[in-house]
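In the UniProt record's numbering, the protein residues as written are 1 to 544.
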């Protein structure tokens, strides 16, 4: 055999590595930046039960159970975005034969030249862990049988039995607490999924109501009673919009504009407003650590959260007291910032505390609150990659701690479009795409009122046919979630083909998500919101 050549019964190193990857006892997947599977080893294919050629190109969501998708979006994705790594994550894979396979997963971002281009995931079969409790119970029974056979003295045997009983009681209590936490988590996940879907549909209903009422109000109706009726209906629609935003916050599907903000300055600037809202019998104190890092958060949503918590604190102190707003660095050095709202009010008992973050749960009585304040703050914290904790005892007040991820430096803020924009010539034509007839009617009404000539399509496919037939609008306005092709897919096709700017309209931050680079407007919206979005996108000056 010539020197340097491998023996005839061995494989070349590259083939050996390929075999190690494909036949490893763990499942491996590689996912691209669009969330689609581009590589899988034989173990992953065997577990999932889908042929390699069918599996490659599928969305990662396809092989996850609904609960696993939600957990991935609210816990794993934020960790990957901030840390680039998420380890020992327990989820269930959805196999082709319908059964769920429990796995422990590790996730790592793939970074090239400072840019995340994909994800690598490893899955370990965790089926045997489900038998842990049964094995533990059997072990206890064997321990009791062994203890009964011992020939030790009566005093020693009694002491052994007492020790065993205490440990069994403690372990049983631990298991009961763990089961209760799991039940609460599953209940909140189910409620969040249902709430998000309802809120999406409700936004579609509110869009024509809010948009058309706003347009009618601008038409300067001379009859005073009609003006009052429109103003009252518009105020009710705005309240409904706020209610839907809180529902979406609980469901962790509200559209956020997260950037680096100085939470200490934000809370300090709100002290006067909180004091005037709380009344003269409540003393408002502001505390903050010096040299705090910035936090990754949405400033508007944080302000709303603080106001909600301050109102709850005020209602818990009818005879007066002290309300403390504090912003502190996490003592453990975990890279988090603590936003604390504490009162000296009535406090909550254990049962009330356990249900405090449930949507629509309230102790204020009928007509005195929506029961969405704490649930909104809880959902906001989770969506931002933080968490919410409550501490309360009857007669000793309540402390709410909102933890937010810290960031090193502020994110530059793009200048907003001028509110005093003046119409400059005719805006041109707009192609409007939406499968909801009423939403399409209201949006077309507002676009025409802004000076556009509007061509309507009830699907992305219909819009493409119009463009293929020679239609050349100045802008495209499209809903995101539609049967068939989505608005995001349509926007990319239109941009690549014709270079026409496209505004995506969406009812909520849906599971698939809108591509980060696309202009976006959230439902419901008024005429001025539509005008501002179009100005930022296309540079056309409109009279809002």
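By construction, the Cβ of each residue, glycine as well, lies at the ideal position given by its N, Cα and C atoms.
At a Cβ-Cβ threshold of 8 Å, residue 108 and residue 120 count as neighbours. Contact between the stretch 488–507 and the stretch 463–479 is present, with at least three C-beta pairs closer than 8 Å. One alpha carbon belongs to residue 49, the other to residue 75, and they sit about 27 Å apart. One alpha carbon belongs to residue 62, the other to residue 34, and they sit about 13 Å apart. By DSSP's assignment, residue 34 forms no beta bridge with any residue. The beta carbon of residue 299 lies closer than 7 Å to those of 261, 266 in the same chain, with the five residues before and after it left out. In the same chain as residue 530, and ignoring 5 residues on each side of it, the C-beta atoms closer than 6 Å to its own belong to 446, in chain order. Residue 336 is classed as buried because its beta carbon has at least 16 other beta carbons within 10 Å across all chains shown. Beta-bridge pairing by DSSP links residue 64 to 93.
The C-alpha of residue 71 lies about 10 Å from the C-alpha of residue 92.
By the C-beta density criterion, residue 270 is buried, having at least 16 other C-beta atoms within 10 angstroms. Annotation: residue 399 to residue 388 spans about 11 Å, alpha carbon to alpha carbon. Under the three-state reduction of DSSP output, residue 391 falls in the strand class. For residue 76, no beta strand (DSSP E) encloses it, and the DSSP letter there is neither H nor E. Bridge pairing for residue 283: 322 [DSSP]. Around the CB of residue 312, 16 or more other CB atoms lie within 10 Å, so the residue is classed as buried. Around the beta carbon of residue 483, a 10 Å sphere encloses fewer than 16 other beta carbons of the protein chains shown; the residue is thus reported as exposed. DSSP places residue 278 in the helix class (H, G or I) of the three-state scheme. Annotation for residue 116: 109 place their beta carbon closer than 6 Å to its own, counting only its chain and skipping 5 residues before and after.
The DSSP-derived three-state label of residue 316 is coil. Approximately 14 Å separates the beta-carbon atoms of residue 325 and residue 377; this is outside 8 Å, ruling out the contact. Counted as a single uninterrupted DSSP element, the beta strand (DSSP E) harbouring residue 428 occupies residues 428–433.
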